[in-house]
Amino acid sequence: MDFNVIELGIGIPFTKDSPTEKINFKTSYLFTHNDERWNSKPDRQSFFKEKIEMDLHCISHVDAINHRAQNKIGFKGSKYESEPSTYQNGADTIPIIRGKALMLDFPKFLKVDILKEENEITVNLIEKCLNFQGTGIDDYKIILIRTGHIVHWKNGEYDKYFEKEVGLNVEAITWLAEKNIIAVGADNFAVENIPTKENSYSNFYPGHKKFLGEKGIYIIENLDLDDLSARKINRFYFIAAPIRFKNASAALINPIALL
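Quick note on the working numbering: the sequence shown kicks off at 5 and runs consecutively.
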């Protein structure tokens with residue numbers, strides 16, 4: 005059986021000079037094709053090898069459950085009082101995230117290029133978008149949210165990308181968390197509205213508190229959903245295989261949609 009495959013990830017278009025502390029990307033070279041070491045080798049065959057230092061949260065990734073805690077306590081009472089090397093529920097425990105996925109394409113529904121950053125995604129807006137797309141939500145394991153925010157990343161506007169974003173409000177976060185989902189993702193850096201409007205639940209990353217801390221639902225960040233939108237596709241099979249580092253707070257992914 006053959007499938008059409010659409011990549012949904014963003015890679016590393018930035019360099020060490022990209023102007024934001026959020027990236028923390030460095031490259032050093034262990035050896036290159038120009039090294040004198042190769043001059044004496046048969047046929048002067050040479051090899052190139054580099055080392056990359058980067059923030060695991062700065063390109064397409066899945067947050068590990070241990071990424072978030074409150075008073076040093078995480079999901080199901082996990083305690084994070086000792087060295088990070090002992091933290092439970094790290095990236096090494098993230099499964100291959102796969103299943104029927106639904107993309108909520110809010111810009112297409114609202115006939116805009118990008119949602120306004122001062123707005124927020126509510127349950128009412130989700131329900132209207134579902135009606136526009138002609139589908140329900142209960143049959144899907146993975147919910148992806150398109151806001152259009154990724155355009156700032158594509159334009160190299162990294163400071164603007166990480167400054168603030170439109171996303172789920174607390175009501176929508178709570179509503180989604182009660183669905184039978186294993187993951188929620190978005191084309192922004194945190195899925196929730198940043199900055200979060202005043203509320204009685206949490207004013208500081210409420211989506212992470214609810215999804216990671218209380219429900220064990222994985223969060224997928226920094227997705228590129230524009231190709232799906234251009235093709236008018238919002239239902240598909242999603243696969244993201246994590247790169248697992250023990251006890252790490254996130255796993256890099258190259259997520260794909262199978263059609």
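All residues carry an ideal CB built from backbone N, CA and C; glycine is no exception.
Source: prediction; values computed, not measured.
Check: Cβ contact check for the stretch 94–102 and the stretch 236–250: 3 or more pairs under 8 Å; Outcome: yes
Check: Cβ pair count under 8 Å reaching 3, the stretch 189–198 against the stretch 79–99; Outcome: no
Check: Other residues of its chain near Glu57: CB distance less than 6 Å, five sequence neighbours each side excluded; Outcome: Lys30
Check: Buried or exposed (CB count within 10 angstroms, at least 16 for buried), Ala234; Outcome: exposed
Check: Backbone secondary structure at Gly171 - three-state DSSP; Outcome: coil
Check: Rounded straight-line distance, which links the Cα of Asp67 to that of Lys145; Outcome: 17 Å
Check: Three-state class that DSSP yields for His65 in the structure shown; Outcome: strand
Check: Burial state of Ile125, where buried means 16 or more other Cβ atoms lie within 10 Å; Outcome: buried
Check: Cross-strand partners of Ser44 (DSSP beta bridge); Outcome: According to DSSP, which records beta bridges pairwise, Ser44 is partnered with nothing at all.
Check: Distance, Lys183 Cα to Glu131 Cα; Outcome: 14 Å
Check: Nearest-angstrom Cα separation, counted from Asp230 out to Asp6; Outcome: 23 Å
Check: Extent of the continuous beta strand (DSSP E) to which Phe136 belongs; Outcome: Element bounds for Phe136: not the beta strand (DSSP E) but the alpha helix (DSSP H), 127–137.
Check: For Gln49, the residue or residues it bridges with in DSSP; Outcome: According to DSSP, which records beta bridges pairwise, Gln49 is partnered with nothing at all.
Check: Residue burial classification, Ile154 (beta-carbon count within 10 angstroms, cutoff 16); Outcome: buried
Check: Buried versus exposed call for Asp47 [16 or more other C-beta atoms within 10 Å across all chains shown]; Outcome: exposed
Check: Cα-Cα separation between Ile16 and Leu134, rounded to whole angstroms; Outcome: 33 Å
Check: Backbone secondary structure at Ser273 - three-state DSSP; Outcome: The structure shown does not extend to residue 273, since the chain is modelled only from 5 through 263, so no value can be given for it.
Check: Counted within 10 angstroms of its Cβ, other Cβ atoms place Tyr205 as buried (16 or more) or exposed; Outcome: exposed
Check: Proximity to His12 [Cα-Cα], best of Ile221, Tyr222, Leu114, Asp191; Outcome: This sequence places Leu at residue 12; His is not what is there. Among Ile221, Tyr222, Leu114, Asp191, the Cα nearest to that of Leu12 belongs to Asp191.
Check: Tyr162 versus Lys26: straight-line alpha-carbon distance, rounded; Outcome: 8 Å
Check: Neighbourhood of Ala181 by C-beta distance below 8 Å, restricted to the same chain and skipping five residues each side; Outcome: Lys214, Phe215, Glu218, Lys219, Ile221
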